[in-house]
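S.K.:
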Amino acid sequence: MLIDYLPVLIYMLIAVGLVGVIVLLSELLGKKRHTPAKDMPYECGMDPIGDARHRYTVRFYVIAMFFVVFDIEAIFLYPWAVIFKSLGWFGFVEMLVFIGILVVGLVYVWGKGALEWE
Amino acid sequence: MTLTIPSFTLSSIGPWLTLTGTAILILLVDALSPKGRKAYFPQLSLLGLGIALLQTFRLWNHTGTDFARMVYVDNFAFFFYAVFILGTALTVLISRHYLEDYGKNLGEYYALLLFATLGMMLLAAGAHLIMIFLGLEVMSIAVYVLAGLFREDAKSNEAALKYLVLGAFSSAFLLFGIAMLYGATGGSLYLDDMAARLAQAGALTQPLTLLALALFIVGFGFKVASVPFHMWTPDVYEGAPTSITAFMAVGVKAAAFAAFARVLFLAFPALKVDWVMILWVLAVATMTLGNVVAIAQTNIKRMLAYSSIAHAGYLLVALVAANQLGAVSLLYYLLAYTLMNLGAFGVVILVGRKKDSYLSIYDYSGLGFQHPALAAAMALFMFALAGIPPTAGFVGKFYIFSAAVQAGYIWLAIIGVMNSLVSVFYYLRITVLMYMKPPEAELGPVAFTPALTTVLLVTAVGVLLIGIFPGFLYNLAVNSVKIFPSL
Numbered sequence: 001m002l003i004d005y006l007p008v009l010i011y012m013l014i015a016v017g018l019v020g021v022i023v024l025l026s027e028l029l030g031k032k033r034h035t036p037a038k039d040m041p042y043e044c045g046m047d048p049i050g051d052a053r054h055r056y057t058v059r060f061y062v063i064a065m066f067f068v069v070f071d072i073e074a075i076f077l078y079p080w081a082v083i084f085k086s087l088g089w090f091g092f093v094e095m096l097v098f099i100g101i102l103v104v105g106l107v108y109v110w111g112k113g114a115l116e117w118e
Numbered sequence: 119m120t121l122t123i124p125s126f127t128l129s130s131i132g133p134w135l136t137l138t139g140t141a142i143l144i145l146l147v148d149a150l151s152p153k154g155r156k157a158y159f160p161q162l163s164l165l166g167l168g169i170a171l172l173q174t175f176r177l178w179n180h181t182g183t184d185f186a187r188m189v190y191v192d193n194f195a196f197f198f199y200a201v202f203i204l205g206t207a208l209t210v211l212i213s214r215h216y217l218e219d220y221g222k223n224l225g226e227y228y229a230l231l232l233f234a235t236l237g238m239m240l241l242a243a244g245a246h247l248i249m250i251f252l253g254l255e256v257m258s259i260a261v262y263v264l265a266g267l268f269r270e271d272a273k274s275n276e277a278a279l280k281y282l283v284l285g286a287f288s289s290a291f292l293l294f295g296i297a298m299l300y301g302a303t304g305g306s307l308y309l310d311d312m313a314a315r316l317a318q319a320g321a322l323t324q325p326l327t328l329l330a331l332a333l334f335i336v337g338f339g340f341k342v343a344s345v346p347f348h349m350w351t352p353d354v355y356e357g358a359p360t361s362i363t364a365f366m367a368v369g370v371k372a373a374a375f376a377a378f379a380r381v382l383f384l385a386f387p388a389l390k391v392d393w394v395m396i397l398w399v400l401a402v403a404t405m406t407l408g409n410v411v412a413i414a415q416t417n418i419k420r421m422l423a424y425s426s427i428a429h430a431g432y433l434l435v436a437l438v439a440a441n442q443l444g445a446v447s448l449l450y451y452l453l454a455y456t457l458m459n460l461g462a463f464g465v466v467i468l469v470g471r472k473k474d475s476y477l478s479i480y481d482y483s484g485l486g487f488q489h490p491a492l493a494a495a496m497a498l499f500m501f502a503l504a505g506i507p508p509t510a511g512f513v514g515k516f517y518i519f520s521a522a523v524q525a526g527y528i529w530l531a532i533i534g535v536m537n538s539l540v541s542v543f544y545y546l547r548i549t550v551l552m553y554m555k556p557p558e559a560e561l562g563p564v565a566f567t568p569a570l571t572t573v574l575l576v577t578a579v580g581v582l583l584i585g586i587f588p589g590f591l592y593n594l595a596v597n598s599v600k601i602f603p604s605l
């Protein structure tokens, strides 16, 4: 049983070993010339401004939550779209109900004013 | 590729659809009505619950499963539907005035109550372990939010966070148990053939199956608040809004017991020796700890929290008995407990008025002279919770302990009766305070709203009625537990 997974283990060991050797080699052979500009944290090429640890407005969390909720809808739509034809009208109606409930959610957050930034 | 869509009849989950529809309607009305104008949410909820109850009556005596064996359509589920609907309706009635005091008469509250009720129904009717897990989550997530309804109150926040973290943890235990069972049965989670599959796979004595059973007991033990998984109960019950405390004590507990009983009786009859032994110990520990610690409480909500732990212990005795009378007594007692506990919480809300300012048990001193009707109702509920005839609490305890004796657990019955004696102390202390002590402070007028008066009347009459004439309910319960062939 477990012996069947031996190739996987060997593969894992080779992968980890190879990566380790490459990192070790570059650490040993590479030249290191420190300059103040090189030692700065990397922020997409920009000069960093201020500390990374500061408080965000709570509104970002609300937006993030909505994103997650409505993102799940898209995830559900993909497998449904793949077998749409074989599901027929039944699948269509089911998905309509599902999206209908999500629309209610959208109407709710809209009506509650959660989409307003102020 | 062609897919076969399993056949199903929507009417077999009619109550679920009604509750979902009502909750969504409430959310829409709430979102679209102008700010400050609070539409008729309690009335809408009650209407939805009423229709769901009618649908449950129409479904009564149906048998079998539906939705490709995912949902049980049987009297056991329907009996619990009725208990949940009753509990939720009474909660809606005690909520309105209480929430208005806090300025929290929100649409979300009622929608979440209905969603939680839907989750309970899923739990009671789940025929597949994933359905049971789904029901548990639908119920729990709604209740987590409800426990933290008073966002500005640190205690309410603590209650919600504690319940969420520990609840998620216990759900993981349950899910892990389901995964074990999936392996042990060879890849099936349907409850109806689980016992046969376990026997066929020779899995009954395997550690895998026993581990699954243990994890199930942990998961459900948490939801019903049995010792040693009860740590969250007092803090959550004290911090949550009083109406939600009542809802948790009756609804969540009943739903968890419904699923617990179904899984134990249907999936693990062959392992009865093992789970009976564990539950015996849990029942004794739960009863004893709940009752002994309740004596020391001076906050009425905390006292009722420990009392609810003790009642979980009595209900576990019904599971340990594992015979027909045991299952019947479980159903009877859960209904009786719904009535007497919601009645007691209704009184707590009335006495605690103005944002729960009177929650100490000493605030009940002299209530009998100032508000005789209120005190009489409270005394009745205390007698019922203590199990004194002619109330429903007495008949329920009588059934439970007779079931234990019938099954040969005489010591368990003796310990249970002794525990009831201990509980008499703290229940009767409230009565003594109300009738034999001078009032500590002028209580002033108590706002008897029509809704709260209705709750007190319905629960008081109900507690007496099913206590004096238990026959009808007994027959219904016997009818409901016929689905368990192993009893």
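Protein sequences, first through last, are from chains S and V. The first sequence lines up with residues 1 to 118 when you count with our numbering. The second sequence lines up with residues 119 to 605 when you count with our numbering. Cβ coordinates follow ideal geometry from the N, Cα and C atoms, glycine included. The model shown is predicted, which means the values in this text are computed figures rather than measured ones.
#1: Quickly, what does DSSP pair V:His246 with across the bridge? List them, please.
#2: Quick one: which chain S residues come within Cβ less than 9 Å of V:Ile123?
#3: Grouping DSSP H, G and I as helix and E and B as strand, with all else coil, what is V:Val349?
#4: Kindly list, in the order they appear in chain V, the residues whose Cβ is closer than 7 Å to that of S:Gly111.
#5: Could you check which residue in V:Leu309, V:Leu333, V:Leu400, V:Val370 has the C-alpha nearest to that of V:Arg380?
#6: To the nearest angstrom, report how far apart V:Ile479 and V:Val210 are at their CA atoms.
#7: According to DSSP, is V:Val191 part of a helix, a strand, or is it coil?
#8: Counting beta carbon pairs with one atom in the region 288-303 of chain V and one in the region 175-195 of chain V, are three or more of them shorter than 8 Å?
#9: Could you give the first and the last residue of the continuous alpha helix (DSSP H) run that contains V:Phe463?
#10: Nearest chain V C-beta to S:Ile10 closer than 8 Å, yes or no?
#11: Rounded to the nearest angstrom, how far is the Cβ of V:Lys341 from that of V:Val368, given a contact under 8 Å?
#12: For a minimum of 4 consecutive residues, which ranges assigned as the alpha helix (DSSP H) are wholly contained in the region 490-542 of chain V?
#13: Check each residue of the region 125-143 of chain V: if its Cβ is closer than 7 Å to any Cβ of chain S, include it; give the result in chain order.
#14: Between the region 479-490 of chain V and the region 522-530 of chain V, do three or more beta carbon pairs fall short of 8 Å?
#15: Check whether the Cβ atoms of V:Met257 and V:Gly285 sit closer than 8 Å, and answer yes or no.
#16: Buried or exposed for V:Ala587, going by 16 or more other Cβ atoms inside 10 Å?
#17: Measuring alpha carbon to alpha carbon, tell me which of V:Thr127, V:Leu389, V:Leu583 ends up nearest V:Ala510.
#18: So V:Tyr451 and V:Ala436 are supposed to be a Cβ contact under 8 Å. How far apart are they, rounded?
#19: Please state whether DSSP places V:Asn417 in a helix, a strand or coil.
#20: Please report whether the beta-carbon of S:Val107 lies at a distance below 8 Å from any beta-carbon of chain V.
#21: Can you tell me whether V:Met238 is helix, strand or coil according to DSSP?
#22: Name the DSSP beta bridge partners of S:Glu73, please?
#23: What does DSSP give as the partner residues of V:Thr183 in its beta bridges?
#24: Under 8 Å, Cβ to Cβ, is there at least one residue of chain V near S:Ile101?
#25: Go ahead and label V:Phe519 buried or exposed: buried means 16 or more other beta carbons lie within 10 angstroms of its beta carbon, across all protein chains shown.
#26: Would you please verify whether the beta carbon of S:Ile75 is less than 8 Å from any beta carbon of chain V?
#27: In the DSSP output, which residue or residues are listed as bridge partners for V:Ser478?
#28: Near V:Leu128, what residues of its chain come up, given a Cβ to Cβ distance below 8 Å and the 5 sequence neighbours on each side ignored?
#29: In angstroms with no decimal places, state the Cα-to-Cα distance between S:Arg33 and S:Gly50.
#30: Look up S:Glu116 in the DSSP assignment and say whether it is helix, strand or coil.
#31: Residues in its own chain within less than 7 Å of V:Phe375 by CB, not counting five upstream and five downstream?
#32: Can you check which of these residues, V:Gly534, V:Gly470, V:Gly505, is closest to V:Leu561 by C-alpha distance?
M.R.: Result, derived from the coordinates:
#1: Note: V:His246 sits in a beta bridge opposite V:Tyr308.
#2: In chain order: Leu87, Gly88, Phe90, Gly91.
#3: Note on residue identity: the sequence assigns Met, not Val, to residue 349 of chain V. Assigned with DSSP and collapsed to three states, V:Met349 falls in coil, not helix or strand.
#4: Against chain V, a Cβ distance below 7 Å from S:Gly111 picks out Ala149, Leu150.
#5: Nearest to V:Arg380 by C-alpha distance, out of V:Leu309, V:Leu333, V:Leu400, V:Val370, is V:Leu309.
#6: V:Ile479 and V:Val210: Cα-Cα distance of roughly 25 Å.
#7: Coil.
#8: No contact exists between the region 175-195 of chain V and the region 288-303 of chain V.
#9: Counting along the chain, V:Phe463 sits inside the alpha helix (DSSP H) bounded by residues 442-470.
#10: Between S:Ile10 and chain V, the shortest Cβ-Cβ separation is not below 8 Å.
#11: Rounded, the Cβ-Cβ distance is 13 Å, inconsistent with contact.
#12: Those alpha helix (DSSP H) runs which fall completely within the region 490-542 of chain V and span 4+ residues are 490-504, 510-524.
#13: Those would be Ile142, in chain order.
#14: Remark: fewer than three beta-carbon pairs, one from each stretch, lie closer than 8 Å, so the region 479-490 of chain V and the region 522-530 of chain V are not flagged as touching.
#15: Not closer than 8 Å, so no.
#16: Looking at the sequence shown, residue 587 of chain V is not Ala but Phe. So V:Phe587 counts as exposed.
#17: The residue with the shortest Cα to Cα distance from V:Ala510 is V:Leu583.
#18: About 7 Å separates the beta carbon of V:Tyr451 from that of V:Ala436, a gap short enough to meet the 8 Å contact definition.
#19: Here V:Asn417 sits in strand by DSSP.
#20: Chain V, which has a Cβ nearer than 8 Å to the Cβ of S:Val107, makes this yes.
#21: The three-state secondary structure of V:Met238, taken from DSSP, is helix.
#22: According to DSSP, S:Glu73 bridges with nothing at all.
#23: Answer by DSSP bridge pairing, in chain order: V:Tyr190.
#24: With 8 Å as the cut-off, S:Ile101 counts as an interface residue toward chain V.
#25: With 16 or more Cβ atoms within 10 Å of its Cβ, V:Phe519 is classed as buried.
#26: Put simply, the CB of S:Ile75 is far from chain V, with every gap to its CB atoms at 8 Å or more.
#27: Bridge pairing for V:Ser478: V:Asn417 [DSSP].
#28: Contacts found: Leu135.
#29: CA-CA distance, S:Arg33 to S:Gly50, rounds to 25 Å.
#30: Here S:Glu116 sits in coil by DSSP.
#31: For V:Phe375, where only same-chain residues beyond five positions count, the Cβ hits under 7 Å are Val342, Leu433, Leu448, Leu452.
#32: Among V:Gly534, V:Gly470, V:Gly505, the Cα nearest to that of V:Leu561 belongs to V:Gly470.
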